[in-house]
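Add 329 to a position in the sequence shown, counting from 1, and you land on the number used in the working numbering.
Beta carbons are placed, not taken as given, at the ideal position from N, Cα and C, and that holds for glycine.
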Amino acid sequence: CSYSTDVAEWPQKIDEDARQYWMKKGSKDCQNCKKTSFSSSKKIYENEARYCQKTYFTYTHKPTGREYERDWLCYSVSQGKLYCFSCILIYNKSYSSKFTSEGFDDWKHAPHYIKSHEESVSHREALITLLTLKNKSCQINPQLEAQVESEKKYWRTLLERVVEVIKFICERGLALRGRDEKIGSPTNGNYLGLLELLAKFDPFLDEHIKKYANKGKGHVSYLSKTISEEFIAIIGSNIQEFIIKELKTSKYFSISVDSTPDVSHTDQLTLILRYVLPSGPVERFVQFLDMEGHTAGQMYNSLIDFFSKHDIDMADCRGQSYDNASNMSGKYNGLQAKIKELNSYAEYIPCFAHSLNLVGISAAESCQEAVRFFDFVESLYVFFSASTLRWKILVSEISKTKKTFLVKKMSETRWFARYDAVHAFSFSLDAIKSALLLLDDQDQKAEYRLKAHSLHASMLKLETCFLIIFWEKILSRVHATSTALQRANLSLNSATHLLKSQKLLIKFGTRD
């Protein structure tokens, strides 16, 4: 804490912290007499201007001729007046004088009044009281300070461990809390669990947990759920401040947002900023923004509120990248259009990987044979995975071929992830046929034998064999393109080249 060195700015009644501070520090910083011109002390006497003088701050002891400093005398630069350091610190109504209240500025009679105050009973009592308190403080404070420093060191040592545990858990996206918050419980969560684990090898932490474990509310232990949440908020705030400072240094940036529901089924807007540092381009997640709705206007308001709050100039935005939803990419009323109205330099580039995903979905769903084929691949996975016996038979047959491509579930959202399912189906074709034949012959329920027989018959169709080869070829190339488009170091030229080559492959390669 810092206190003003201008005595006139002190409150009329000094609080104990300030008194202890100035008793320990002394009056030297408050005198303001060494490098001051005293211009603010100007006072007119019958057309003659007088000022405070440096000589007022010293006096000569006549018997010895030695010069002494008046360390109690302080000059206020703001008021141009003199005050008594000792009398102000030892507040007492009986000590009231110009040197303690409104300030002294009678420069014509200054030497007389300064000496008179210096020799007054009230000033001497204040000086003695101040010295007495200072001596007592010198005797008591070292013990108190040692105790305070010891406490500080203890809690600082503990917090170093607590913060590192919280950082470790959060970096890995793990949950902190468990079913309960009791030390010794196997269901107390990752936070308390890791502290207990470290305590086995850390005597300091072990002693702290033994002393403060399961104390309940009202006891400071830094083991509760609230302290971990507070530290997460503090760390998150510091990281965000660092990112924003880094962004402002880089000046130009681009934005990317997407909405996602949390565990409470509340939609939040994920905000990502991209900018270039001397070491290269970076992408930073900044914050989940609260959403009032899914319209472009509502998302725009959430974004602008965030940028205004953190004093980020939208005029420096040079790019936008979102998915292809109409509320994002709409040419006239989408989020990208509203931002371009604010800043015409904020060019919109849709997510290439998402665009490719949408093209694939539309293309496949426009063909009934393709829809039936993917339904068939999905039905194979459902049939085998629904029973441990059927799955065991499938694994046994695949192991005979020395291949490890088990049937996989189709992705409902990432269409090109279907490549994994088709690829596994293609490489394990013979093993799947053998497993279906075994299940058709085994003593199982009629409906399962019938299903196995039906699936086996479908695999023998010419259309199925053709579609396996066709989609394996198409999806392997599309999968590679989609994966490449999501690389962090991908350049715009490379992305364009990938899409052009993909287009040529589909146009001419499928004729073979």
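Neighbourhood of residue i by C-beta distance below 6 Å, restricted to the same chain and skipping five residues each side
{"i": "Ala750", "result": "Val706, Lys737, Met739"}
{"i": "Ser585", "result": "Ile601, Ser650"}
{"i": "Ile498", "result": "Leu505, Asn519"}
{"i": "Asp535", "result": "Ala528"}
{"i": "Arg490", "result": "Leu534"}
Contacts around residue i, its chain only, beta-carbon distance under 8 Å, and the 5 residues preceding and following it disregarded
{"i": "Leu804", "result": "Phe745, Arg747, Tyr748, Val751, His752"}
{"i": "Leu297", "result": "A query on residue 297 cannot be resolved here, the shown segment of the chain reaching from 330 to 841 and no further."}
{"i": "Val494", "result": "Tyr520, Leu523, Leu524, Leu527"}
{"i": "Ser900", "result": "In the structure as shown, the chain begins at 330 and stops at 841. Residue 900 is therefore absent and cannot be evaluated."}
{"i": "Ser588", "result": "Asp596, Gln597, Leu598, Thr599, Met620, His623, Met628"}
{"i": "His441", "result": "none"}
{"i": "Ser757", "result": "Ile727, Thr730, Lys732, Phe734, Leu735, Val736"}
{"i": "Val724", "result": "Leu735"}
Distance between beta carbons of residue j and residue i, contact taken as under 8 Å
{"i": "Phe560", "j": "Val615", "result": "Contact doesn't hold; Cβ gap of about 19 Å is too wide."}
{"i": "Gly409", "j": "Asp435", "result": "So it is not a contact: roughly 12 Å between Cβ atoms."}
{"i": "Thr334", "j": "Cys359", "result": "5 Å"}
{"i": "Phe617", "j": "Thr599", "result": "6 Å"}
{"i": "Phe703", "j": "Ala693", "result": "7 Å"}
{"i": "Gly648", "j": "Met657", "result": "Rounded, the Cβ-Cβ distance is 14 Å, inconsistent with contact."}
{"i": "Cys403", "j": "Ser356", "result": "6 Å"}
{"i": "Ser755", "j": "Glu698", "result": "Actually they are not in contact, since the Cβ atoms of Ser755 and Glu698 sit about 17 Å apart, beyond 8 Å."}
{"i": "Ala760", "j": "Ile727", "result": "4 Å"}
{"i": "Phe681", "j": "Leu834", "result": "The pair is not a contact, with the Cβ atoms about 16 Å apart (cut-off 8 Å)."}
{"i": "Ile573", "j": "Ile641", "result": "7 Å"}
Buried versus exposed call for residue i [16 or more other C-beta atoms within 10 Å across all chains shown]
{"i": "Ala775", "result": "exposed"}
{"i": "Asn818", "result": "exposed"}
{"i": "Asn701", "result": "In the sequence as displayed, the identity of residue 701 is Arg instead of Asn. With fewer than 16 other Cβ atoms within 10 Å, it is exposed."}
{"i": "Leu791", "result": "exposed"}
{"i": "Thr384", "result": "exposed"}
{"i": "Ile668", "result": "buried"}
{"i": "Ile563", "result": "exposed"}
{"i": "Val450", "result": "exposed"}
{"i": "Ala455", "result": "buried"}
{"i": "Gln665", "result": "buried"}
{"i": "Ala675", "result": "buried"}
{"i": "Ser370", "result": "buried"}
{"i": "Ser811", "result": "buried"}
{"i": "Leu460", "result": "exposed"}
Strand pairing of residue i, partner residues [DSSP]
{"i": "Thr589", "result": "Gln597"}
{"i": "His390", "result": "Arg395"}
{"i": "Arg613", "result": "Leu602"}
{"i": "Ile584", "result": "Leu602, Gln649"}
{"i": "Ile556", "result": "DSSP output for Ile556 lists no bridge partner at all."}
{"i": "Ser405", "result": "Lys410"}
{"i": "Asp619", "result": "Gln597"}
{"i": "Glu707", "result": "None, per the DSSP bridge assignment."}
{"i": "Ala378", "result": "Ile373"}
{"i": "Phe497", "result": "In DSSP, Phe497 forms no bridge with anything."}
{"i": "Tyr520", "result": "Answer is none; Tyr520 lacks a bridge partner."}
{"i": "Phe433", "result": "Leu411"}
{"i": "Glu676", "result": "Gly648"}
Reference residue i; option with closest CA among the options
{"i": "Ile678", "options": "Ile573, Glu801, Ile564, Ala824", "result": "Ala824"}
{"i": "Leu503", "options": "Glu670, Gly518, Thr812", "result": "Gly518"}
{"i": "Ser714", "options": "Ala764, Glu698, Thr730", "result": "Ala764"}
{"i": "His785", "options": "Leu709, Lys540, Ile835, Ile797", "result": "Leu709"}
{"i": "Gln382", "options": "Leu418, Lys437, Thr393", "result": "Lys437"}
{"i": "Leu632", "options": "Gly609, Tyr661, Leu671", "result": "Leu671"}
{"i": "Ala813", "options": "Ile798, Phe799, Ser830, Leu576", "result": "Ser830"}
{"i": "Leu606", "options": "Met628, Glu575, Glu621", "result": "Glu575"}
{"i": "Ala337", "options": "Gln815, Leu411, Leu459", "result": "Leu411"}
{"i": "Arg613", "options": "Glu621, Gln569, Ser449, Ala625", "result": "Gln569"}
{"i": "Ile512", "options": "Ser331, Cys680, Tyr551, Phe837", "result": "Tyr551"}
{"i": "Lys580", "options": "Asp645, Ile563, Ala682", "result": "Asp645"}
{"i": "Tyr661", "options": "Glu375, Ala625, Thr389", "result": "Ala625"}
{"i": "Lys554", "options": "Gly507, Gln773, Lys577, Thr461", "result": "Gly507"}
{"i": "Glu431", "options": "Met643, Ile343, Cys413, Thr365", "result": "Cys413"}
{"i": "Tyr604", "options": "Leu418, Arg485, Lys577", "result": "Lys577"}
{"i": "Met643", "options": "Phe582, Asp770, Leu789, Phe795", "result": "Phe582"}
{"i": "Pro610", "options": "Phe530, Lys342, Ser820, Ile457", "result": "Ser820"}
{"i": "Val688", "options": "Val807, Leu459, Glu345", "result": "Val807"}
{"i": "Leu418", "options": "Asn686, Asp346, Ala542", "result": "Asp346"}
{"i": "Lys762", "options": "His548, Asp772, Met788", "result": "Met788"}
Own chain partners of residue i with C-beta closer than 7 Å, once the 5 adjacent residues on each side are dropped
{"i": "His537", "result": "Leu487"}
{"i": "Glu398", "result": "Phe386, Thr387"}
{"i": "Leu766", "result": "His785"}
{"i": "Lys427", "result": "Phe433"}
{"i": "Tyr374", "result": "Lys437"}
Residue i CB to nearest heavy atom of the ligand MG below 6 Å
{"i": "Lys774", "result": "Looking at this structure, you won't find the ligand MG or any other ligand, since it has none at all."}
Below-7 Å beta-carbon distance, residue i vs any chain D residue
{"i": "Val615", "result": "Although the question refers to chain D, the structure presented lacks it and comprises just one protein chain."}
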